[in-house]
Amino acid sequence: MSAMTPAEQEIAEKVLSEVETGLASLLETGASSVIDLRMLPRMSEAVYQHVQEALGKGETSILIDASARVEIVESACPGVWWATYHRPSGEIATEIIEIGFVPRLLAAGKAETAVGLKRLKNRGIGKAQAAE
């Protein structure tokens, strides 16, 4: 890890303490939380790298390639996810640390799930139309 000033060490420790508090809350209440890294004041590259290295990388990484690209990487602490959101141009729009059993972006909403059920119920219709 690169050398940090005492002020940078304090900022890094605050971020990691917030992750620790969020993880404890997740286990106690089931409530997930998010830390928006781009909204934190004075987060230097050294602090950013320190936090990323302290959390480490876990076994799971996910790439969502929709209108905007999102990379989600599990940290070495299960339940702590590092998500990078890219603009269509490829630039990083924001980065967050999400604390949750599963990243919220991966959870299907009720409306989406209803569409999936409708597609499954109508599967015979699609096959019959394709055969005609």
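Going by the numbering used here, the letters in the sequence shown line up with residues 14 to 145, in that order. Every residue gets a Cβ at the ideal spot worked out from N, C-alpha and C, and that includes glycine. Because the structure is a prediction, the values reported are computed rather than measured.
Simplified DSSP assignment, three categories, for residue i
| i | result |
| --- | --- |
| Val115 | coil |
| Leu53 | coil |
| Ala106 | strand |
| Ala141 | Residue placement at Ala141 cannot be trusted, given a pLDDT of 46 that sits under 50; what the coordinates show is reported in the next sentence. In this structure, Ala141 counts as helix in the three-state DSSP scheme. |
| Ser80 | coil |
| Glu26 | helix |
| Glu21 | helix |
Residue i versus the options, residue with shortest Cα-Cα distance
| i | options | result |
| --- | --- | --- |
| Ser30 | Ala89, Met52, Ala67 | Ala67 |
| Trp94 | Arg136, Arg100, Leu50 | Leu50 |
| Val47 | Arg55, Glu58, Glu33, Ser57 | Glu33 |
| Gln22 | Val64, Ala37, Ser38 | Val64 |
| Leu119 | Lys131, Asn135, Asp78, Ile105 | Asp78 |
| Ile105 | Gly113, Val83, Lys134, Ala59 | Val83 |
| Gly43 | Ala124, Met17, Arg117 | Arg117 |
| Pro54 | Ala37, Glu72, Lys27 | Lys27 |
| Ser57 | Ala25, Glu125, Ala81, Leu76 | Ala25 |
| Leu39 | Met52, Ala121, Ala124, Phe114 | Phe114 |
| Thr73 | Val86, Asn135, Lys134 | Val86 |
Range of the contiguous alpha helix (DSSP H) that encloses residue i
| i | result |
| --- | --- |
| Ser45 | Element bounds for Ser45: n/a, residue is neither H nor E. |
| Gly122 | First-last for Gly122: undefined, no H or E at that position. |
Span of the beta strand (DSSP E) around residue i
| i | result |
| --- | --- |
| Ala96 | 93-99 |
Whole-Å CB distance - residue i paired with residue j, under 8 Å assumed
| i | j | result |
| --- | --- | --- |
| Gly69 | Ser45 | Wrong, their Cβ atoms sit about 20 Å apart, outside the cutoff. |
| Ile109 | Ala96 | 5 Å |
| Gly71 | Pro101 | Not confirmed; about 28 Å, so no contact. |
Opposing strand residues paired with residue i [DSSP bridges]
| i | result |
| --- | --- |
| His66 | It is Glu, not His, that sits at residue 66 in the sequence shown. In the DSSP output, where bridge partners are listed per residue, Glu66 has none listed. |
| Glu33 | Answer is none; Glu33 lacks a bridge partner. |
| Glu87 | Trp94 |
| Ser38 | Answer is none; Ser38 lacks a bridge partner. |
Any chain C beta carbon closer than 8 Å to residue i
| i | result |
| --- | --- |
| Ala120 | The chain inventory of the structure shown lacks chain C, comprising one protein chain alone. |
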